[in-house]
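Number of protein chains: 2
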Amino acid sequence: MKQMLSLTKALADETRLRTLMLLSSGELCLCQLIDVLELSPSTISKHMSILYDAGLIHRRKEGRWHYYRLAEQDTTPAAREALRWVISHLEDDPALHRDAKKLCCTRKKDPQELTACYSGK
Amino acid sequence: MKQMLSLTKALADETRLRTLMLLSSGELCLCQLIDVLELSPSTISKHMSILYDAGLIHRRKEGRWHYYRLAEQDTTPAAREALRWVISHLEDDPALHRDAKKLCCTRKKDPQELTACYSGK
DNA sequence: CCGATACTTCGTCAACTAACGAAGTGTATC
DNA sequence: GATACACTTCGTTAGTTGACGAAGTATCGG
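Chains S and A, in that order, give the protein sequences.
Residue numbering for the first sequence follows the numbering used here, starting at 1 and increasing by one per position.
Residue numbering for the second sequence follows the numbering used here, starting at 1 and increasing by one per position.
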């Protein structure tokens, strides 16, 4: 019950659903998510820890960068099924096309440009 | 996106998950849910409307009684899959055995006894 | 080892949510 | 048609959540 509640609560937020859809296209680091979602680093970091605690995403540290991807074999069946459910019903969502498009631009940017969001543009 | 959020938000509450599991054993009226969940009529009624708006349950009126059951053909694929997901991962949950047991007693009671919860025991 | 970078944690505040009782709605029963 | 019953809706309140900036942690470059 506790595990299911942490899963459903993790999924019950628009920003977190957007994040999962962004991650469905592959691994991303926090600064890339900041760039696409246009929210403060602390806010997104908090969202990531909620998704992580629920077992929905995997985190990997490489130097200063923290990379996130959707959880796969390394989590519970409940979380894997939740991911499949969410993604299959959101992948054609028109409201998320903007995010997907923005992500394309973000992927092309230099790390230089991305870190600009910290130094107040 | 909006539909998915209403689904995930509907599932992100312990009382509503308990309710869905109770309904997985068959149709129930509000007074039976009140008896098992031990919450006020207005609170449970509100929960039911949230589950209904999300497309997770079906409501049927018969005289004064309002009967609820899990949605089936009469809802979206997303809601049907959500129900299957939740139920499959909660059906063996030890924390919910109490509810299931209590429901057995409730089903055996007279309507008389159930309405007692309104008239202040 | 000093500053810069890429986060995370903490404290605060506004917005949302679940609980309740009181009042309202619709349906049987007398 | 008055009363009782089975809810639903409304207004209030306490607790939760999401947003932010400020401060803290860990890593890298000079």
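Yeah, the Cβ is synthetic: ideal placement off N, Cα and C, and Gly gets one too.
None of these values were measured; they are calculated from a predicted model.
Going along the region 3 to 16 of chain S in order, which residues come within less than 7 Å of chain A, judged by CB to CB distance? M4, L5, T8, K9, L11, A12, E14
I'd like the list of long-range same chain contacts for S/Y52, defined as Cβ closer than 7 Å, with 5 residues on each side in sequence excluded. R59
Would you mind sorting A/C31 into buried or exposed? The rule is 16 or more other CB atoms within 10 Å of its CB. buried
Would DSSP call S/D74 helix, strand or coil? coil
Which residue comes first and which comes last in the alpha helix (DSSP H) that contains S/K109? Here S/K109 belongs to no alpha helix (DSSP H), and DSSP marks it neither H nor E.
Are any of the Cβ atoms in chain A nearer than 8 Å to that of S/E23? The sequence as given places Leu at residue 23 of chain S; Glu does not occur at that position. Cβ-Cβ to chain A under 8 Å: no for S/L23.
When you compare the CB positions of A/L56 and A/A71, do they come within less than 8 Å of one another, or not? Yes, Cβ-Cβ distance for A/L56 and A/A71 is below 8 Å.
Could you pull the start and end residues of the beta strand (DSSP E) that A/E91 belongs to? For A/E91, no beta strand (DSSP E) run applies, since DSSP gives it neither H nor E.
Would A/D74 pass as an interface residue toward chain S - the criterion being a Cβ-Cβ separation below 8 Å? no
Closer than 8 Å is the cut-off here; do at least three beta carbon pairs connect the region 93 to 101 of chain S with the region 14 to 34 of chain S? A contact exists between the region 93 to 101 of chain S and the region 14 to 34 of chain S.
Against chain S: residues of the region 40 to 59 of chain A by CB proximity under 8 Å: none
Please work out which residues of its chain come closer than 7 Å, Cβ to Cβ, to S/S24, disregarding the five sequence neighbours upstream and downstream, and give them in chain order. L70, I87
Looking at the unbroken beta strand (DSSP E) that takes in A/E62, where does it start and where does it end? 57 to 62
Compute the Euclidean distance between the alpha carbons of A/E14 and A/A95, then round it to the nearest angstrom. Spanning the alpha carbons of A/E14 and A/A95 requires a straight line of approximately 11 Å.
List the residues of chain S whose Cβ lies closer than 9 Å to the Cβ of A/D92, in chain order. Ordered by position in chain S, no residue passes the 9 Å Cβ test against A/D92, which lies about 11 Å from the chain.
Nearest-angstrom Cα distance between A/Y68 and S/L22? 37 Å
Assign A/T8 to buried or exposed, taking buried as 16 or more other Cβ atoms, counted over all protein chains shown, within 10 Å of its Cβ. Classification of A/T8: buried, given that the 10 Å Cβ count is 16 or more.
For A/D35, count neighbouring C-beta atoms within 10 Å of its own C-beta (all shown protein chains included) and say buried if the count is 16 or more, exposed if not. buried
Against chain A, with Cβ distances strictly below 8 Å, would S/R83 count as a contact? Sequence check: residue 83 of chain S is Leu here, not Arg. For S/L83, the answer is no, since every Cβ of chain A falls outside 8 Å of its Cβ.
Under 8 Å, Cβ to Cβ, is there at least one residue of chain S near A/L96? yes
With a threshold of 7 Å (Cβ to nearest heavy atom), would S/D74 be considered close to the ligand ATP? No copy of the ligand ATP appears in this structure; indeed no ligand is present at all.
Provide the residue span of the alpha helix (DSSP H) that contains S/M1, from first to last. Run containing S/M1: none; DSSP gives neither H nor E here.
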